[in-house]
Every structure is written in C-alpha cells, then in structure tokens.
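Novice:
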Amino acid sequence: MARRPILEMPHPRLRSPAAPVTAFDADLKRLVDDLLDTLSAEGGIGLSAPQVDDGRRVVVLDLSEDGSDRQVFVNPDVVSKTALGIVEESCLSVPGVVGNVVRATEVRVRAQDASGAPVERDLSGMEAVCLLHEIDHLDGILFVDRLSIFHKLRLRAAALARSLRGRDAA
Numbered sequence: 009m010a011r012r013p014i015l016e017m018p019h020p021r022l023r024s025p026a027a028p029v030t031a032f033d034a035d036l037k038r039l040v041d042d043l044l045d046t047l048s049a050e051g052g053i054g055l056s057a058p059q060v061d062d063g064r065r066v067v068v069l070d071l072s073e074d075g076s077d078r079q080v081f082v083n084p085d086v087v088s089k090t091a092l093g094i095v096e097e098s099c100l101s102v103p104g105v106v107g108n109v110v111r112a113t114e115v116r117v118r119a120q121d122a123s124g125a126p127v128e129r130d131l132s133g134m135e136a137v138c139l140l141h142e143i144d145h146l147d148g149i150l151f152v153d154r155l156s157i158f159h160k161l162r163l164r165a166a167a168l169a170r171s172l173r174g175r176d177a178a
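Following my numbering, the numbering of the sequence shown begins with 9 at its first residue and continues without gaps.
(1) Can you tell me whether Glu73 is helix, strand or coil according to DSSP?
(2) Can you tell me the Cα-Cα spacing of Thr90 and Ile143, whole angstroms?
(3) Label Ser101 either buried or exposed according to how many other C-beta atoms from any shown protein chain fall within 10 Å of its C-beta, with 16 as the threshold for buried.
(4) With respect to the beta strand (DSSP E) encompassing Ile94, which residues constitute its N-terminal and C-terminal limits?
(5) Determine whether the beta carbon atoms of Leu22 and Pro58 lie at a separation below 8 Å.
(6) Suppose contacts are defined by Cβ-Cβ distances below 8 Å. Is Ser24 in contact with Gly63 by that definition?
(7) Across which residues does DSSP place Asp45 in a beta bridge pair?
(8) Counting along the chain, where does the beta strand (DSSP E) carrying Leu55 start and finish?
(9) In angstroms, rounded to a whole number, what distance separates the CA positions of Asp147 and Asp85?
(10) Should the segment 120 to 130 be called in touch with the segment 160 to 175, which here means at least 3 C-beta pairs below 8 Å?
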C-alpha cells in the first residue's frame, strides 16, 4: 500500500476516459489499497483511478471522519439519478477551487467490488454527489466543467492575473 501523487488540472490524463476493469487480480487490489491510502492522506472524501494516473474505472469513497466507511466501486454504472440540487464541490485535482454545481442527490449504481462481485446500491445526499463527481473523473470530466459560465470566467481571470504576476516577478 502506498500514497500516490494526485494529478492536477490541466494534466491530460484527467481528460481521458478510463477503461473498464477486466482483471480482478492482485494489481487491482494494490490500486484500490493505494487509492484508499491516498484518499486518507489527502483528507478527501472521494478519489478515482485517473486522478493518480491509472486509466482504469475504479472509484473509492470514504465520507466518515475516522476512515470507517471505505467504499469501492469498480466499473460503476449509474442506473438512475433523481433529486437535483445545487451543491458546493471541490476537488483534489483542482486545488483551491470551490464552486456550486447541479447534481443529483439520489442515485442507484451498479458496479463491482475489488474481487469482481456485483454490487447494486442506492446512495443519497453527499454520498451520491461524491460518487457522481468521481464517475465524472472516469469519463474525463472535471467539476469545473459543470460550473456556471460566470464562475468559469472568474476562474480564467484569476489564472491570468496569477500568470501576469509571475511574469512581472521574473
């Protein structure tokens, strides 16, 4: 088990769709353990394999304070989603950015566990929001893509200002 570095925007891997897992072996188990270790070390609530530069469709969640609610979703597929809400999100791959997005707050998902056994779960609230956020990562989508155009323009202006300050300091 190991902590892996988290890719940050604009790394191209974050925009690449992940491939389905076909081998449920020791390598997958190692990836799941590493994702959980990395999630815990970073203090996040969800992490996907593409965020640690692995192109497989694997997501881990842990919304508990003490690491007691570790969840693994391999090849997750959303069966249904309802109860749209405006939720505040952030992301380990987009440090320092927080914004409101529209997400379903109730979801039914089919997936597999780390051994390949089928799983079907109903999630609600932040658990549903977090899983949908991580599934977006598997599809090459970042939460900033879901921000309002006004918020995106503010982020671009801030990035430009930082870039100009850096050039002036050089």
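Backbone N, C-alpha and C define an ideal beta-carbon position, used for all residues, glycine too. It should be emphasised that the depicted structure is a prediction, and the values quoted were computed from it without experimental measurement.
Specialist: Straight from the coordinates:
(1) coil
(2) 16 Å
(3) buried
(4) 79 to 99
(5) With contacts defined as CB atoms closer than 8 Å, Leu22 and Pro58 qualify as a contacting pair.
(6) yes
(7) Paired residue(s): none; Asp45 is not in a bridge.
(8) 54 to 56
(9) 11 Å
(10) no
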